[in-house]
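Q: One structure, pasted below without further comment.
Residue numbers (the working numbering): 10 to 106.
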């Protein structure tokens with residue numbers, strides 16, 4: 010008995026517009042924990058990055074402004090500019106329609 014490694018399996022976690030509710034939920038959580046001690050910053054920036062990458066991979070042209078807001082939010086969070094990070098997450102959320 011072996012493992013099939015002949016080709017990659019398709020990865021379609023959130024088909025079509027199902028990515029929108031997933032992305033919104035991830036960003037809501039990230040927004041709420043970005044300044045929590047004990048790993049909140051790490052988890053939040055990871056969630057922001059995952060949403061950004063998912064949208065970019067899905068349709069970079071459609072989600073361009075949201076992707077830019079998320080990149081800036083991730084940078085602001087890393088710099089511990091939490092109010093700015095939240096504002097940029099809110100901006101991204103408003104573009105997820």
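The beta-carbon is built from N, C-alpha and C at its ideal position, and this holds for glycine as well.
At the level of alpha carbons, what is the spacing between residue 76 and residue 55?
A: Cα-Cα distance, rounded: 14 Å.
Q: Using three-state DSSP, classify residue 108 as helix, strand or coil.
A: Outside the modelled stretch of the chain, which goes from 10 to 106, sits residue 108, for which no answer is possible.
Q: Quick check: what's the CA-CA separation for residue 25 versus residue 91?
A: One C-alpha to the other measures close to 32 Å.
Q: Which term fits residue 51, buried or exposed, when burial requires 16 or more other beta carbons within 10 angstroms of its beta carbon?
A: With fewer than 16 other Cβ atoms within 10 Å, it is exposed.
Q: Would you say residue 29 touches the ligand GTP, meaning its beta carbon is less than 6 Å from a heavy atom?
A: This structure simply doesn't include the ligand GTP, nor any ligand for that matter.
Q: Taking C-beta to C-beta, are residue 61 and residue 105 nearer than 7 Å?
A: No, Cβ-Cβ distance for residue 61 and residue 105 is not below 7 Å.
Q: Report the CB separation of residue 40 from residue 95 in whole angstroms; it is logged as a contact under 8 Å.
A: Sure, about 5 Å apart at Cβ, within 8 Å.
Q: For residue 99, which of helix, strand or coil comes out of DSSP?
A: It is helical.
Q: Excluding the five sequence neighbours on either side, which residues of its own chain have a C-beta within less than 7 Å of the C-beta of residue 85, listed in chain order?
A: Answer for residue 85: 93, 94 and 97, listed in chain order.
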